Amino acid sequence: MDGEFVPWDEATVHVLSHGLHYGTGVFEGIRAYETPTGTAVFRLTEHMERLHRSAKAYGIPLRFGVDELVKASRQLLVDNELESGYLRPLAFYGLGSIGLNPAGAEVRVIIAAWQWGAYLGEDGLKNGIRTQVSSWRRIDQAMLNPNAKGTGGYLNSILAKQDAVKNSYDEAILLNSQGFVSEGSGENIFVIKNGVVTTPPVTAGILEGITRDSVMTLLRDDGHQVQEANVIRSDLYYADEIFFTGTAAEVTPVREVDDRPVGDGRPGPVTRKAQDLFQKAVTGRLEAYRHWLDYV
Ligand SMILES: Cc1ncc(COP(=O)(O)O)c(C=O)c1O
C-alpha cells in the first residue's frame with residue numbers, strides 16, 4: 080500500500096477518499112499460477128502497462144512505474160505464501176479534495192493478493208454458463224473510456240450483472256449504444272460459426288482483454304481463422320459455439336443466450352481447444368508461450 084507491505088487489517092482508507100465517492104480510480108486483475116518450475120504470474124508486465132494506460136486515460140498520475148509494480152507483485156505473492164492466486168492492483172484518489180475536481184487529493188496505490196477459484200464456477204468452466212443479453216448498454220466512448228479499467232465505469236457492468244443474476248442467469252452480455260455486441264460484464268466474448276472465430280473489435284466499446292489477446296494468438300497459431308468484427312444479436316443465437324475470456328473467468332463456455340441453446344447446448348471443439356491451450360500456456364506447459372510467464 081503506497082510502497083509499504085501492510086497487514087490485511089491495517090489496509091484501510093478514510094471514508095472521505097475521493098475514489099469512494101466518485102469512482103475515481105483504475106484497477107487490474109491478474110492471476111498467478113502454479114507451474115512445474117514454480118509460481119508464475121501471467122502477463123504481469125502487460126497488466127501493469129494497462130494500469131498505466133487506464134490511469135493516463137483518466138488523468139490519474141501514478142508515482143510507481145511498471146517495473147516497481149511488477150516487483151511489488153512478485154514480493155506480495157512470496158510474502159503471502161501464495162503458490163497461485165489473484166492480484167488486484169488499484170490506484171485511486173484519496174483524501175484531500177471532496178469536490179469533483181480531484182486535483183489536490185493524494186493518489187493512493189495498492190496491490191492485494193488472495194486465492195480465487197473459478198469466477199463463473201467450476202460447473203461453468205466444465206459445462207458452460209447461461210447468459211442474458213442485458214437491457215443495459217455498455218458504456219460508450221463518448222461518455223467514459225470503455226478501453227480503460229476505471230472503477231466508476233464498473234457501475235455499468237454491475238447493473239448488468241445484478242439483473243442477470245436476479246433473473247437466474249450466470250452472466251450478462253452487453254450490446255453497445257449502436258446495438259452491436261460488446262462483451263460480458265467482466266469478460267470478452269468469442270463467437271464461432273462454421274469454424275470461423277469472431278470477437279468484437281476495440282471500437283465496439285470493449286476492454287481490450289489480455290486473455291482475449293492470448294486466446295486469439297493461441298487459436299491462430301493452432302491454425303484457426305480468428306477475426307475481429309462486429310457481432311449482432313442474432314449471431315449469438317445462430318452461433319455454433321460461444322465463450323467468454325477474462326483473467327477471472329479464464330475461458331468459460333457459454334451454453335445458453337436468452338434461453339436459446341448455443342449449438343447443441345454443450346461446449347464445442349473450438350471452445351475446448353481454447354480452454355486446453357490457455358490452461359497449458361498459463362501453467363507453463365507450452366514452451367512457445369513461456370515468455371508470457373513472470374516467474375516469482
Ligand atoms: C469489462 C471487462 N472486459 C474484459 C475483461 C477481460 O480482460 P482480461 O482478459 O485482461 O482480464 C475484463 C476483466 O478484466 C473486464 O472487466
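For the sequence shown, this note's numbering assigns the number 80 to the initial residue and increments by one for each residue that follows. Yeah, the Cβ is synthetic: ideal placement off N, Cα and C, and Gly gets one too. In this text the structure is predicted, and so the values were computed from the model without any measurement.
Do Ile271 and Glu307 have their beta-carbon atoms positioned less than 7 Å apart in this structure?
Here residue 307 is taken as the residue at index 228 of the sequence shown, counted from 1. Here residue 271 is taken as the residue at index 192 of the sequence shown, counted from 1. Going by C-beta atoms, Glu307 is not nearer than 7 Å to Ile271.
### Task
Could you have a look at Trp193 and say whether DSSP puts it in helix, strand or coil?
As a working mapping, residue 193 is identified with position 114 in the sequence shown. Note: Trp193 maps to strand in three-state DSSP.
| task | Could you give the DSSP three-state label for Ile208: helix, strand or coil? | result | Within the sequence shown, the letter at position 129 stands for residue 208. Here Ile208 sits in strand by DSSP.
Can you list, in chain order, the residues of its chain whose CB lies under 8 Å from that of Gly263, leaving out five sequence neighbours each side?
-> In the sequence shown, counting from the first residue as 1, residue 263 sits at position 184. The answer, listed in chain order, is Thr210, Glu250, Ala251, Ile252, Leu253, Phe323, Gly325, Ala328.
| field | Ala31 (DSSP reduced to helix, strand or coil) | value | The structure shown does not extend to residue 31, since the chain spans only 80 to 375, so no value can be given for it.
Legend entry - Residue nearest to Val333 in terms of C-alpha spacing, selected from Val212, Asp88, Phe259, Tyr374: Translated into positions along the sequence shown, residue 333 becomes position 254. Measuring from the Cα of Val333, the nearest candidate turns out to be Val212.
Between Ala283, Pro280, Ala353, which has its C-alpha nearest His303's C-alpha? In the sequence shown, the residue the question calls residue 303 occupies position 224. Checked all of Ala283, Pro280, Ala353; the closest Cα to His303 is Ala353.
Please report the residue range of the beta strand (DSSP E) in which Gln304 lies. Your numbering for residue 304 matches position 225 in the sequence shown. Taken as a continuous stretch (DSSP letters only), the beta strand (DSSP E) holding Gln304 covers 304-307.
How do the segment 155-165 and the segment 130-137 stand: do at least 3 beta-carbon pairs fall below 8 Å, yes or no? no
Quick one: using the 10 Å Cβ neighbour count with 16 as the cut-off for buried, is Thr116 buried or exposed?
Residue mapping note: residue 116 aligns to position 37 of the sequence shown, counting from 1. So Thr116 counts as exposed.
Using the beta-carbon count (16 or more within 10 Å), is Gly108 buried or exposed? Counted from its first residue, the sequence shown places residue 108 at position 29. Counting Cβ neighbours within 10 Å, Gly108 comes out buried, since at least 16 surround it.
task: Using alpha carbons as the reference points, say which of Gly104, Leu123, Ser293 lies closest to Asp355.
output: As a working mapping, residue 355 is identified with position 276 in the sequence shown. Taking only the C-alpha atoms, the option nearest Asp355 is Ser293.
Problem set entry | Sequence-distant residues of the same chain with beta carbon closer than 8 Å to Leu95, five excluded per side | Taking the first residue of the sequence shown as position 1, residue 95 is located at position 16. Excluding positions up to five away in sequence, the list reads Leu174, Ile177.
Exercise. Who pairs with Asn267 in a beta bridge, going by DSSP?
Worked result: What you label residue 267 is simply residue 188 of the sequence shown in a count that begins at 1. For Asn267, which the question treats as bridged, DSSP gives the partners Thr324.
* Evaluate Pro168 with the Cβ neighbour count: other Cβ atoms within 10 Å of its Cβ, from every protein chain shown; 16 or more gives buried, anything less gives exposed. => Within the sequence shown, the letter at position 89 stands for residue 168. Classification for Pro168: buried.
**Asked** How about Asn267 and Ile285: do their beta carbons lie closer than 7 Å?
**Response** What you label residue 267 is simply residue 188 of the sequence shown in a count that begins at 1. What you label residue 285 is simply residue 206 of the sequence shown in a count that begins at 1. It is a contact, given that the beta carbons lie within the stated cut-off.
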